Amino acid sequence: MLGPDDPAVLTTRHNLAAVRSRASAIDRDDSSVLELLRENLAEHIRLRGPMDPQALGAAGLLAEHLQHRGDHDAAIELLELLVDQRTEVLGTTAAPTITSRRMLAESFRIVGRIDDAVETATAARSMRRRLLGRHRSRRSKQGLSWWPHSRQRHGTGLDVSERRAEVVAALAAVDLGFLETDHPVRLEIETILRQSG
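Number 1495 in this note's numbering belongs to position 119 of the sequence shown; there are no gaps in the numbering.
In structure tokens, the structure reads:
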């Protein structure tokens, strides 16, 4: 019989937290999901250590949920640490490190820290270029094309084209590695990104 500390139980707990987090995207005030994600992270750290790649994945899942809830200050605090940890453990060009960096840039942008957002997003783009090559990083460059406009219009309302660019940039920041290549959600996101490119 499996005990609560068994790796299979930990993985199942993590998967449940991921599903609950994504299902609660509609209800941003679902504090039970936030608590589940925090417990999931605490268990990963307790059983595997804070620098274990799976513990870092649990931290990323919590940061993503904080962003969806609109708690960008907490997301920034966690993502700054997560970028440092993933850089140390996985390297600067690892996909999870780049994803964390892009998420951090997005939260910086939303809270009005535009210079930090541009610097962080540019670094993510540079890392992505090193990882994928120049031709594959074009999508990142296009995702950054709206950042200068954020400086000019910060504090004003968005028009539809700017909002669309933000949505496309957010989709480009999503790490789709957890979805099978033929999963309908992954295919839909990839189609949107291709059509926007």
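We put the beta carbon where it would ideally sit given N, CA and C, even for glycine. Here the structure is a predicted model, which means the values were calculated and not measured.
Are the C-beta of residue i and some C-beta of chain C separated by less than 7 Å?
| i | result |
| --- | --- |
| R1505 | This model lacks chain C altogether; it includes just one protein chain. |
Suppose you measure from the CA of residue i to the CA of residue j; what does that come to, to the nearest Å?
| i | j | result |
| --- | --- | --- |
| L1592 | D1558 | In the structure as shown, the chain begins at 1377 and stops at 1573. Residue 1592 is therefore absent and cannot be evaluated. |
| Q1430 | R1424 | 8 Å |
| E1564 | E1411 | 30 Å |
| A1384 | A1394 | 15 Å |
| D1492 | I1452 | 11 Å |
| P1426 | A1471 | 19 Å |
| R1501 | M1479 | 12 Å |
| I1421 | T1388 | 16 Å |
| L1328 | R1398 | No answer is possible for residue 1328: the residues shown for the chain start at 1377 and end at 1573. |
| V1550 | R1477 | 11 Å |
| D1382 | T1469 | 31 Å |
| E1464 | A1499 | 16 Å |
Need the endpoints of the alpha helix (DSSP H) that residue i sits in, please.
| i | result |
| --- | --- |
| V1395 | P1383 to A1399 |
| A1471 | A1471 to I1486 |
| R1414 | S1407 to R1424 |
Around the Cβ of residue i, are there at least 16 other Cβ atoms within 10 angstroms (buried) or fewer (exposed)?
| i | result |
| --- | --- |
| T1582 | Given that the chain is displayed from residue 1377 to residue 1573, the structure contains no residue 1582 and the question cannot be resolved. |
Quick check on residue i: does DSSP put it in helix, strand or coil?
| i | result |
| --- | --- |
| P1429 | helix |
| H1448 | helix |
| V1561 | helix |
| V1459 | helix |
| R1489 | coil |
| L1437 | helix |
| V1494 | helix |
| T1468 | coil |
| P1380 | coil |
| E1453 | helix |
| E1566 | helix |
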